[in-house]
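Trainee: Numbering (our numbering), first residue to last: 50 to 299.
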Amino acid sequence: MTGGAAGRLRPRVTRLGRHRTPTGGSHASLDLRCYLVTSGTGRRTVEVAAAAAAAGAGVVQVRAKEATAAGLLDLTCAVAEAVHAARPATRVLVDDRADVAFAARARGAAVHGVHLGQDDLPVTEARALLGPEAVIGLTTGTPDLVRAAERLRGVIDYVGAGPFRPTPTKDSGRDPLGVDGYHGLVAATSLPVVAIGGVEPRDVPALARTGVAGVALVRAIMDAPDPGAVVGEVLAGMDTSSTTEEVLDR
């Protein structure tokens, strides 16, 4: 993000009260059914995040690999302000950067935690930095990684698992899981599992039947003419399955 863009996105942050979020390992109130991962750094990113939240997305993860730390902080605060105005129940997480999540919270933004990759700050240090109420997710995608995450169930709140199919958004180096790959991952952990990586709304009912708690989407929502309609389709697809457990009281 350029300095000009960062300046345009810098929100007027109002100091907020204490946000009740799950502690590590206590994730009964975390709605993961429809989980937006953002792309881009401009005004549309903020607008789509707000539209997704208004339509019922339970989580918005701010991801901008190309942004500087300062740019990501400004973007995160802008997204958090817009999402909180649209639907306060939606959780806002930062991709990879626990330090940015911490800084955004220090500004008073309604930022609830971080999603970490395998090579990011260790989850125990992130928990110490962000506190017991922060939401912390961890990227997995193989049985070994999921089993390792299970041993951290008192520290993290959910795992992301993918890719579902090949995607240009992120090259994980792991083979695509397909629908069948999620059954074993769900069985290997008591943590909620979120499917990610090329997921489209038409895939959701089949994925829901594997026992995943939700699906994360990037392009399917970010590039949609009507992001809210896509969120509604995803929620309907998740709700066709009796295995949905992670539902936030709205």
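Ideal Cβ placement from N, Cα and C applies to all residues, glycine included.
Only counting runs of 4 or more residues, tell me where the alpha helix (DSSP H) segments fall wholly within the segment 110-137, in order along the chain.
Mentor: 118-135
Trainee: From glycine 162 to serine 78, what distance separates their C-alpha atoms?
Mentor: 15 Å
Trainee: Would you say threonine 139 touches the ligand FAD, meaning its beta carbon is less than 6 Å from a heavy atom?
Mentor: Summarising the ligand content, the structure contains no ligands, and the ligand FAD is consequently not present.
Trainee: So what does DSSP say about isoleucine 270, is it helix, strand or coil?
Mentor: helix
Trainee: Specify, as a first and last residue, the run of the beta strand (DSSP E) that histidine 161 falls within.
Mentor: Here histidine 161 belongs to no beta strand (DSSP E), and DSSP marks it neither H nor E.
Trainee: Helix, strand or coil, according to DSSP, for alanine 222 in the structure here?
Mentor: According to the sequence as given, residue 222 is glycine; it is not alanine. DSSP places glycine 222 in coil when its eight states are reduced to three.
Trainee: In this structure, does DSSP put threonine 94 in helix, strand or coil?
Mentor: helix
Trainee: Which same chain residues, not among the five before or five after proline 137, have their C-beta less than 8 Å away from its C-beta?
Mentor: Ala159
Trainee: Taking the alpha-carbon positions, what's the arginine 92 to valine 283 distance?
Mentor: Put simply, the backbone Cα of arginine 92 is about 24 Å away from that of valine 283.
Trainee: Within the same chain, show all residues whose beta-carbon is closer than 6 Å to that of threonine 191, passing over the 5 residues directly before and after it, in chain order.
Mentor: Excluding positions up to five away in sequence, the list is empty.
Trainee: Do valine 267 and alanine 244 have their C-beta atoms within less than 7 Å of each other?
Mentor: no
Trainee: Quick one: what's got a C-beta closer than 8 Å to histidine 232's C-beta in the same chain, skipping five residues either side?
Mentor: Thr259, Gly260
Trainee: Can you give the Cα-Cα distance for proline 241 and alanine 119, rounded to whole angstroms?
Mentor: C-alpha separation (whole angstroms): 32 Å.
Trainee: From the DSSP output, in three-state form, read off proline 60 for me.
Mentor: Only weak support exists for where proline 60 lies, its pLDDT of 41 falling under 50; the value from the coordinates is given anyway. Looking at proline 60 - three-state DSSP - the assignment turns out to be coil, as it is neither helix nor strand.
Trainee: Figure out for me which residue from Val132, Ala150, Glu130 has the closest Cα to the Cα of leucine 26.
Mentor: The displayed coordinates of the chain run from 50 to 299. Any statement about residue 26 would go beyond what the structure contains.
Trainee: Going by DSSP in three states, leucine 165 sits in which element: helix, strand or coil?
Mentor: strand
Trainee: Would you tell me roughly how many angstroms separate the C-alpha atoms of alanine 285 and cysteine 83, rounded to the nearest one?
Mentor: 10 Å
Trainee: Spatial neighbours of isoleucine 185 within its chain, please: C-beta separation below 8 Å, excluding the five flanking residues on both sides.
Mentor: Only Gly73, Gly162, Val163, His164, Leu165, Val172, Ala175, Arg176, Leu179, Val204, Ile205, Asp206 meet the Cβ criterion.
Trainee: Would you call arginine 146 buried or exposed, if buried means 16 or more other Cβ atoms sit within 10 Å of its Cβ?
Mentor: buried
Trainee: Please report how far the alpha carbon of aspartate 272 lies from the alpha carbon of arginine 251, in whole angstroms.
Mentor: 16 Å
Trainee: Here's the rule I'm using: 16 or more other beta-carbon atoms within 10 Å means buried, otherwise exposed. How should glutamate 115 be labelled?
Mentor: exposed
Trainee: Can you check which of these residues, Ala106, Asp168, Thr125, is closest to methionine 287 by C-alpha distance?
Mentor: Ala106
Trainee: Output the boundary residues of the beta strand (DSSP E) element that contains leucine 201.
Mentor: Note, leucine 201: premise wrong, no beta strand (DSSP E); not H, not E.
Trainee: Please classify glycine 227 as buried or exposed, where buried requires at least 16 neighbouring CB atoms within 10 angstroms.
Mentor: exposed
Trainee: Could you tell me the alpha carbon to alpha carbon distance between leucine 81 and valine 109, rounded to whole angstroms?
Mentor: 10 Å
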